[in-house]
Amino acid sequence: MSPRAGLVLVLLAATVAGSLVTPDAAAQPRPRRFASVVSYQSCSTSWAFACGKTDAGGRRYGTAHEQRHCQTYTFRPDGTVSVAGDLLLGLGQAGTYRLFGDRVRLELQNEEGPPDVFELPLGKGGATLGGMKRLGS
Numbered sequence: 019m020s021p022r023a024g025l026v027l028v029l030l031a032a033t034v035a036g037s038l039v040t041p042d043a044a045a046q047p048r049p050r051r052f053a054s055v056v057s058y059q060s061c062s063t064s065w066a067f068a069c070g071k072t073d074a075g076g077r078r079y080g081t082a083h084e085q086r087h088c089q090t091y092t093f094r095p096d097g098t099v100s101v102a103g104d105l106l107l108g109l110g111q112a113g114t115y116r117l118f119g120d121r122v123r124l125e126l127q128n129e130e131g132p133p134d135v136f137e138l139p140l141g142k143g144g145a146t147l148g149g150m151k152r153l154g155s
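Residues in the sequence shown are numbered consecutively from 19, following the working numbering.
Shown next as structure tokens:
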């Protein structure tokens, strides 16, 4: 095959390959996501009060004790996120996410209206997300 024929074949192949991908699709960068399943957790402490308890002598009193509440955000490589925690009463939340530089943009479904959209800063090396700590690493 002559060098000229080889060049024609290369140009023809590039033209055919280029026609299979629209310019818009080629120009759109693929959204960044976590490469594996990653979880972050945030915990807080509150006080629980029980008033009007009765002791053995018939006297009324109240008690208080600390309770720890945690929420866990689990990010999957397919771009989905789920939120589970003590205060969600077993309901949980689900949505999508994307990485933009050192920020994570979340869009959580909301049964009562439009989705909740917010961004959280991603710490150095992914050790933290907002005020949450990465689990398992």
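Quick reminder that beta carbons are idealized off the backbone N, C-alpha and C, glycines included.
When C-alpha distances from A68 are compared across G80, L124 and D96, the shortest belongs to G80. Residue state for D104 is assigned as helix, using DSSP reduced to three classes.
Within a 10 Å sphere around the beta-carbon of V122 sit 16 or more other beta-carbons, which makes this residue buried. The criterion of a C-beta distance shorter than 9 Å is satisfied by R50 and F118.
In summary, V135 is exposed, with fewer than 16 beta-carbon neighbours lying within 10 Å of its beta-carbon over all protein chains present. In the structure shown, the three-state DSSP call for G143 is helix. Between V56 and R116, the CB-CB gap reaches or exceeds 9 Å. Bounds of the beta strand (DSSP E) holding S57 are V56 to T72.
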